[in-house]
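Everything in the sequence shown is counted per our numbering, starting at 99 for the first residue and increasing by one. Every residue, glycine too, gets a C-beta built ideally from N, C-alpha and C.
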Amino acid sequence: MPVEIRKVESRKDLKEFIYFANNLYKGNKYYCPSLISDDYTTFNPQKNGAMDFCQWQAFLAYKDGKLAGRVMAIINPKANESWKVEQVRFGWIDFIDDEEVAKALLDTVAAWGKERGMKQIVGPLGFTDFDPEGMLIEGFDRLATLTGLYNHPYYPRILEKLGFKKETDWVEYRITFPDELPQKYYQFADLIVKKYNLNVRKVSREMIDKENYGRKFFKLINETYYKLYGFSVLNDKQIDAYTKQYLSLLDTRMVSFVEDDKGELIAAGITMPDLSLALQKCNGELFPTGWYHLLKAIFWKPCDTLDLLLMGVREDYRSRGLNAVIIADLYPRLKEMGFKYVETTAELETNDSIQAVWKNFEKEQHKRRRAYGKEIE
């Protein structure tokens, strides 16, 4: 039977779309399930501010009467305008080991984009940089993280067979915590703080809410990331959603905020315990017991690995040692909490400034993911 492509139109369709990957990878020891509640938020136009300006359509693929794949087609006009391109994105793509299924999904996205004037199909990319992006091409034997991703090795093989070419790569590192930071590292950080009259804030949960650090932080992210591949500036609705997603459960010991002498946030680092094993235990479900596994992993009994969620330095403070200030602030607390390793988020292979942060640490570049592109015929 040929592959049948159906639009996601009902709540039942959406549920099948969201659960497909977790079911496809069930029992895979390297796959980290997504948090189902976050997925529902991402695909809810009332909660996802990107849906206010993006065009999108989700599709499901069926073969022999069985669900065999999924994909989201997205046109982000802000990103297209910023980067002077006419691209339709494919995101949240998953499929069984079947070239016919993958081709049907991607052809559907290309045709959908062509109808709306697009000339190139690229991905995997989401609505924004805070959605899953890229396809794993190295590191199939490594555990994925909450902010990372996992896919079978046959994914890139099939895409390349279908004529897709590299657009860009991201790399991920596993950093080993040193037994201690050299004293000169702290001295350097202290020198930077004094030289630029900075304030390293010690914040509480109440302060984060009361002083609106969510807005401050994501304003900083807008100013920091706007030149990175495919980025589009976040609006207030997106910022509110990401504040709830990223900051609502943070242990404030694992956060560093740096302000200038005017009280403006100029640099920040946000970390949290790796939640991969907790998410595997509950398969991404908060209920009935998933919340317990997650809270245990965050607050009560974290593992020895730390996820570096987000790190940013305002452009006018680049190359002034602010990364050292953040690390010197966080390191003593994180070491005391028992962490031994850090998993970085995906870093563009061309982003020399962020990769330079790790030059003095024992590290392993253990994952690589890729965005692919192809002209629409």
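Ordered along the chain, which non-local residues of its own chain (more than five positions away) have a Cβ less than 6 Å from that of residue 353? 368
Would you mind stating whether residue 130 and residue 211 have Cβ atoms separated by less than 8 Å? no
Comparing C-alpha positions only, which one of 116, 279, 336 and 186 sits nearest to residue 320? 336
For residue 146, which residues from the same chain have a beta carbon less than 6 Å from its beta carbon, with the 5 sequence-adjacent residues on both sides left out? Cβ within range, chain order: 140.
So, with DSSP's three-state summary, where would you put residue 167? strand
Can you tell me the Cα-Cα spacing of residue 269 and residue 185, whole angstroms? 23 Å
Examine the Cβ distances between the segment 394 to 409 and the segment 431 to 449 and report whether three or more of them are shorter than 8 Å. yes
Counting Cβ pairs closer than 8 Å, one from the segment 197 to 213 and one from the segment 226 to 243, do we hit at least three? With fewer than three CB-CB distances shorter than 8 Å, the segment 197 to 213 does not count as touching the segment 226 to 243.
Threshold first: 3 residues or longer. Then list the beta strand (DSSP E) segments lying entirely within the segment 136 to 224, N to C. 153 to 161, 164 to 173, 185 to 193 and 218 to 221
Test item: CB-CB of residue 157 and residue 219 under 8 Å: no
Checking 8 Å against the spacing of the C-beta atoms, do residue 476 and residue 273 come in under that value? As displayed, the chain neither begins before 99 nor continues past 475, which places residue 476 out of reach and without an answer.
Relative to the C-alpha of residue 126, which candidate in 387, 377 and 455 has its C-alpha closest? 377
Buried or exposed by the 16-neighbour rule on C-beta atoms within 10 Å, applied to residue 442: buried
In DSSP terms, what residue 243 is bridged to: Looking at the DSSP assignment, residue 243 forms no beta bridge with any residue, so it has no partner.
Specify, as a first and last residue, the run of the beta strand (DSSP E) that residue 235 falls within. 233 to 236
From residue 465 to residue 243, what distance separates their C-alpha atoms? 11 Å
According to DSSP, is residue 425 helix, strand or coil? helix
Determine, using beta carbons only, whether residue 469 and residue 222 come nearer to each other than 8 Å. Pairing residue 469 with residue 222 gives a Cβ-Cβ distance under 8 Å.
Ignoring anything shorter than 3 residues, give me the beta strand (DSSP E) runs that lie fully in the segment 324 to 360, in order along the chain. 353 to 357
Less than 7 Å between C-beta atoms, sequence neighbours within five positions excluded: which residues of the same chain meet that for residue 379? 391
Paired residues, beta bridge with residue 365 - DSSP: 356 and 411
Unbroken alpha helix (DSSP H) runs of length 4 or more, entirely within the segment 253 to 308: which are they? 281 to 293 and 303 to 308
For residue 217, which residues in the same chain have their Cβ closer than 6 Å to its Cβ, ignoring the five residues on either side in sequence? Excluding residues within five positions, the ones whose Cβ falls inside 6 Å are 184 and 474.
Close beta carbons around residue 123, own chain, < 6 Å, minus the five adjacent residues each side: 129.
Compare the beta carbon distance of residue 364 and residue 411 with 8 Å and say whether it is the shorter of the two. Yes, they are a contact pair.
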